Amino acid sequence: MVPPTPISISRFAETQLQLLLEEHEAEVSSSSLATTAASVSPSTRRTLQATGYALTGLVLSQCRTGLGGRVVGEFTPDPATQPSSKSQDDSSARGSDGQPRLGQHGIRVGDVVRANDVSAATAKKMGKDKSKDGAKDASKGGPEGVVTRVSDQAICVAFGQQGSGAKSKEDDESVEELWGKKIWLIKLANDVTYRRMKQTMEKMAKLGEGEHSHFMRLAFGHTTPLQANYEATGPIEFTDPTLNDSQKDAIRFALGSQDIALIHGPPGTGKTHTLIELILQFVQRKKRILVCGPSNVSVDNIVERLAPKKVPVVRIGHPARLLPSVLEHSLEVLTQTSEAAGIVKDVRKEMDEKQASIRKTKTGRERRAIYEDLKHLRKEFRERESKCVDNLVRESSVVLATLHGAGGHQLKNQQFDVVIIDEASQALEAQCWIPLQGADKVVLAGDHLQLPPTVKSANLKSKDGNGKDSQPEKKDTPQKEILKGVSLERTLFDRLLALHGPGIKRMLTTQYRMHEKIMRFPSDELYESKLIAADSVKSRLLAGLPYEVQGNDDTQEPLVFWDTQGGDFPEKVEDKEIGQKEALLGESKSNEMEALVVARHVDNLVAAGVRPDSIAVITPYNGQLALLSQMLRERYPGLELGSVDGFQGREKEAVVVSLVRSNEEHEVGFLGEKRRLNVAMTRPKRHLCICGDSETISRGSTFLKHWMDFLEEHADLRYPDAGDLL
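Sequence positions in the sequence shown follow this note's numbering and run 449 to 1174.
Written out as structure tokens, the structure reads:
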């Protein structure tokens, strides 16, 4: 193999800094756009929710003291907006215990949100907020915090500055003012992740050559990977008897590697399953491991599966799920239940009692005195908790954190033998370097043939209405030369593979998700025809679900293609008539006639007995998502509606995909990104339905032409009649 061309580490870091600044500005810009909705109509708030920016129809139901002494508010659905118990929609809008459920939304654990009072926004809009306080509330919005938990029935937010507890007594007061109000949450730009990436790149830019670790030199082509040492690994006794040959091979390779191993896990191939066994093998060999992922969900997924294995683990940050198996390993719970917990328990109890007493006070003086006491208690709490946390982390064999969470104070001066990054192909490279700066041995797991991390600044660089670049020119900031081939979309996983070749990678080849016919095209086109459908999934259909489903043309077909060619199903660009919504959806495309085809197909599946919560409807365009939400959300509250990008890593029994594009110019836009389509076509287990115009789509690229040809030959091909839909 030809030796790789070395990349200047300092110049790489400087380029990343420049690109990260542009990305942060783009994120703040889109967040500012969304937050202008503080005084908009309920319909626009619903659009914000449909496009992932907001969650509406909430009330504050509980307050407690969380990690770091922060005030944690629990928000639940407003009973006034829920169906009555006699309503036919009640079963879908409520959980199995009869409690109201949150609507579909895009807010996730780790997101920064603001809690807005709907009435304050309405007052501002109507010009009625004449009081000083009213004006402040309406224009500035409510308190801001970080989402710590999300369930079907509640969302928890830790208020105050991230990482340093509540900012001041003002925060406590603003949270208290939410009691009894109608609330909606709006997603904001996350400064913490950006700050940690920026600090990491600044540090890398200043390193001298003598300060570069072996792995850092390897990652930038200054040296080549060391030969795997399988003898040092010793005999391997796998703890999991269900592992297949490709999974065992990947584990052997990762154990034997001396510096870098990539585990390539195509959809449904048990990548996380493989990582669990790998972690256990490292622990048996007395190695200390740091496990990271780009999102809380990716990390908690590993915590859930490791928990029953009785390995000493600590989860840094807030676990996403309420399962006891996860919670008992989170720092939040360990600081209350471990032997070291006694040093913080009494202070936490006193804080919670004071928090609860606030609403019983009769005068402002009493409340201010309590806020002052809380301030001193928080300081003492954080000092005690810091000692407790340090002890817990040091004693753990496996520490788990998000990539940016690995840059927190809890891991300062901690040493690890191995750093494992899951979903590495969905993480910005600068994010990966937060835990990797001092790493000796690294295992990256992911699939570089699915979507990379979302980069908003890349979209902003596309043409604006005048055909000009929409990025403003910064005259006061010295621009350094952008290194060729360096972009935020290119991940560390991608770059290492291109730099050192397939010798550093092992691919998992047996998939346990899809019917064989659904799997065939992505396997042949993207995975070198190497994917094999496990016997347990290769022929399963909707008609075979473990509840009663009628056998018909839909439930006995794994692959359906509704071909809308012919001109009766034209796309449209969202026009300016929808005002503020247009700004939120951008130049998004929609296709009303195609949406009717999707809705009809969903109706047919449900009529045959398929439960709405077994079905997902996904589309690449937010404009189409908003349209489909209007058609389907009220009819089927359990149905999952989302963007293709947002559905990465997910799966459903049945998936209906709306491709939207249908025009005389045969333009396909970002449908030309094969990784986006790979995500779309690999989400279902038993049934995939594609709705689109083969005439337009097939002209977009060679990949798209091959896909349309495949569907024409292998799918149940159907042609909708526009007259029947109206």
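Glycine included, every Cβ here is placed at the ideal spot set by N, Cα and C.
Please read all numbers here as calculations on a predicted model, not as lab measurements.
Assuming residue i is part of the alpha helix (DSSP H), what are its boundary residues?
i     : result
H712  : It is not in any alpha helix (DSSP H) - H712 instead sits in the beta strand (DSSP E) that spans I708 to H712.
W627  : It is not in any alpha helix (DSSP H) - W627 carries neither H nor E in the DSSP assignment.
E725  : K719 to Q732
G1071 : N1070 to L1080
L993  : First-last for L993: undefined, no H or E at that position.
R1124 : K1122 to M1129
V985  : First-last for V985: undefined, no H or E at that position.
N1052 : E1040 to A1055
D942  : L940 to H948
K635  : Looking at the DSSP string, K635 is not in any alpha helix (DSSP H); the run it does join, the beta strand (DSSP E), is I631 to L636.
S971  : E964 to L974
Comparing alpha-carbon positions, which option in the options lies nearest residue i?
i     : options                     : result
I966  : G1120, I1138, S834 and E871 : I1138
S509  : Q601, V560 and G1071        : Q601
G590  : V623, L710 and S1110        : V623
V761  : E871, A698, S743 and S845   : S845
L1165 : D1002, G1057 and T850       : D1002
I1145 : K651, E1121 and E937        : E1121
H472  : G741, P548, H553 and R644   : R644
N1126 : R968, E1005, V745 and E1115 : R968
A709  : L782, L636, H948 and E657   : H948
P901  : G933, K889, D870 and E937   : E937
D1169 : S1036, L859, W1010 and E475 : W1010
C604  : G628, R562 and S567         : R562
D748  : L851, E833 and L468         : L851
S743  : D821, Q706 and A872         : A872
A849  : V1108, T681, Q547 and L884  : L884
Please find out if some non-hydrogen atom of the ligand NAD comes closer than 6 Å to the beta-carbon of residue i.
i    : result
Q879 : Annotation note on the ligand NAD: not contained in the displayed structure, which lists no ligands.
Determine the direct distance from the alpha carbon of residue j to that of residue i, and round the result to whole angstroms.
i     : j     : result
L990  : L666  : 48 Å
N914  : S491  : Its pLDDT being 33, under 50, N914 is placed unreliably by the model, and the measurement read from it follows with that caveat. Their Cα atoms are separated by approximately 30 Å.
G999  : V640  : 52 Å
G521  : F607  : 8 Å
S935  : R597  : 32 Å
Y678  : V560  : 45 Å
E625  : G812  : 13 Å
P452  : T672  : 8 Å
Q858  : D800  : 24 Å
D1051 : L1087 : 11 Å
H1049 : L1159 : 17 Å
L1053 : L1136 : 12 Å
T495  : I555  : 14 Å
K797  : Q803  : 10 Å
V792  : D1061 : 42 Å
E1112 : L993  : 41 Å
T722  : L703  : 12 Å
P772  : P756  : Confidence is the limiting factor: at P772 the pLDDT is only 49, short of 50, which leaves the residue's position unreliable, though a coordinate-based value still follows. C-alpha separation (whole angstroms): 11 Å.
E1143 : S1110 : 8 Å
H553  : Q497  : 6 Å
R745  : D821  : With the sequence shown as reference, residue 745 is identified as Val, and Arg is not the correct amino acid for it. Taking the straight line from one Cα to the other gives about 36 Å.
Q647  : A1128 : 35 Å
I843  : D1093 : Checking the sequence shown, residue 843 turns out to be Glu, not Ile. If you take the alpha carbons of E843 and D1093, they lie about 38 Å apart.
E1005 : S661  : 54 Å
What are the boundary residues of the beta strand (DSSP E) that includes residue i?
i     : result
L509  : What sits at residue 509 in the sequence shown is Ser, not Leu. From DSSP, the beta strand (DSSP E) with S509 extends over A502 to T513.
G1140 : P1132 to G1140
K1100 : K1100 to S1106
K808  : From DSSP, K808 is part of no beta strand (DSSP E); its letter is neither H nor E.
I603  : I603 to F607
D1011 : L1007 to D1011
T641  : Run containing T641: none in the beta strand (DSSP E); it sits in the alpha helix (DSSP H), D639 to K654.
M955  : K953 to M955
G741  : I737 to G741
Could you check whether the Cβ of residue i sits closer than 7 Å to any Cβ belonging to chain C?
i     : result
A1170 : Any reference to chain C falls outside this structure, which holds one protein chain only.
Measure the beta-carbon distance from residue i to residue j and round it to whole angstroms, keeping in mind my assumption that it falls under 8 Å.
i    : j     : result
I631 : N564  : 7 Å
V985 : K1133 : 7 Å
V594 : G558  : 7 Å
A887 : F668  : Actually they do not touch by this definition, with Cβ atoms about 14 Å apart.
Requested in this report: Report yes or no: do three or more beta-carbon pairs, one from the segment 493–504 and one from the segment 685–701, lie closer than 8 Å?
Outcome: no
Query raised in the report: Is the segment 1148–1158 close to the segment 1047–1066, with three or more CB pairs under 8 Å?
Result: no
Report task. Evaluate contact between the segment 1036–1052 and the segment 974–984, counting only Cβ atoms and requiring at least three cross-stretch pairs below 8 Å. Result -> no
Query - Inter-stretch contact at 8 Å, needing at least 3 Cβ pairs: the segment 889–900 / the segment 460–475 - result: no
Requested in this report: Would you check if there are 3 or more beta carbon pairs closer than 8 Å linking the segment 709–718 to the segment 942–958?
Outcome: Between the segment 709–718 and the segment 942–958, the count of C-beta pairs closer than 8 Å reaches three or more; the two stretches touch.
Report task. Take every Cβ of the segment 1009–1017, pair it with every Cβ of the segment 1079–1097, and state whether three or more of those distances are shorter than 8 Å. Result -> Counting Cβ pairs under 8 Å, fewer than three are found: no touch.
Query raised in the report: Is the number of C-beta pairs between the segment 648–656 and the segment 821–839 that are closer than 8 Å three or more?
Result: no
Report task. Indicate whether the contact test is met: 3 or more Cβ pairs, each with one atom in the segment 721–739 and one in the segment 860–873, closer than 8 Å. Result -> The segment 721–739 vs the segment 860–873: in contact.
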